[in-house]
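Novice: Quick one: the structure is below, questions incoming.
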Amino acid sequence: MENIGTSAAYYIASAANRIVLNPGTFTGSIGVIYVNFNMADLYRWMKVEPEVLKSGRFKDTGSTFRPMTEDERKLLKGLLEQVHRQFIEDVSKGRGLEVEEVRKIADGRVITGEQAIELGLADGFGNLNDAVKLAAELAGIEGEPRVIYPKRKFEWHMLFEAFSDAVVDRLLKTGSIPLYRYGIGGGEVDE
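This is the structure in structure tokens:
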């Protein structure tokens, strides 16, 4: 893991045979989150009124058009707890740690790579080249491993975006187009 390997990224990494990272890599964040926005007042203010047709009482759980009910809150809390338990158990299994050891730090906190090694959540320090060498060693590959990186697709819009950015930048630097700044309060315009 290079700079960040938290939450779902760490969940995936925890199944690997070995994990190498940098001392300052943000990792961990073993937890589950659900965020819901109650925007009912905003919708009312905008004079937006939903018409909801649904096949079951929980089908629109998390709707932004109304406050969450207690039953919905309990349902979602139960789901989060179940997924959190699965996360903890999978990290425990993947890293060869006791469930209770993982549970102690599975409160969503982010830790450094250095702390991850101390806690058994990673194996050592290294960069991409070190990870490639380690993977080759684990796979029994002799000599220098051949790494195939995905080819970056050329997309025409990327060329046009780069060209237009360069043109605008050049025009701004040469003063070939007028710049207007609007003052706040007095309505002044500078040229």
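Using the numbering used here, you'd call the opening residue of the sequence shown number 15 and step up by one each time.
Virtual Cβ for every residue (Gly too), placed ideally from N, Cα, C.
Predicted model only: the values in this text are computed from it and were never measured.
By how many angstroms is the C-alpha of GLU65 removed from the C-alpha of ARG117?
Specialist: One C-alpha to the other measures close to 43 angstroms.
Novice: Going by the CB atoms, is the gap between ALA149 and ILE33 shorter than 9 angstroms?
Specialist: no
Novice: Is the Cβ-Cβ distance between GLU16 and LEU142 less than 9 angstroms?
Specialist: yes
Novice: Apart from the five residues on each side of it in sequence, which residues of its chain come closer than 8 angstroms, Cβ to Cβ, to PHE139?
Specialist: Only VAL34, LEU35, ASN36, PRO37, GLY127, ILE131 meet the Cβ criterion.
Novice: Mind checking ALA120: buried by the 16 CB within 10 Å criterion, or exposed?
Specialist: buried
Novice: Apply the 10 Å Cβ neighbour rule to ARG58 and answer buried if 16 or more other Cβ atoms are within range, or exposed otherwise.
Specialist: exposed
Novice: Hey, is the region 152-164 in contact with the region 47-54, meaning 3+ C-beta pairs nearer than 8 angstroms?
Specialist: no
Novice: Does DSSP put VAL228 in a helix, a strand or coil?
Specialist: No answer is possible for residue 228: the residues shown for the chain start at 15 and end at 205.
Novice: Is the separation between the beta-carbon of MET82 and that of LEU90 shorter than 9 angstroms?
Specialist: Taking 9 angstroms as the cut-off, the Cβ atoms of MET82 and LEU90 count as close.
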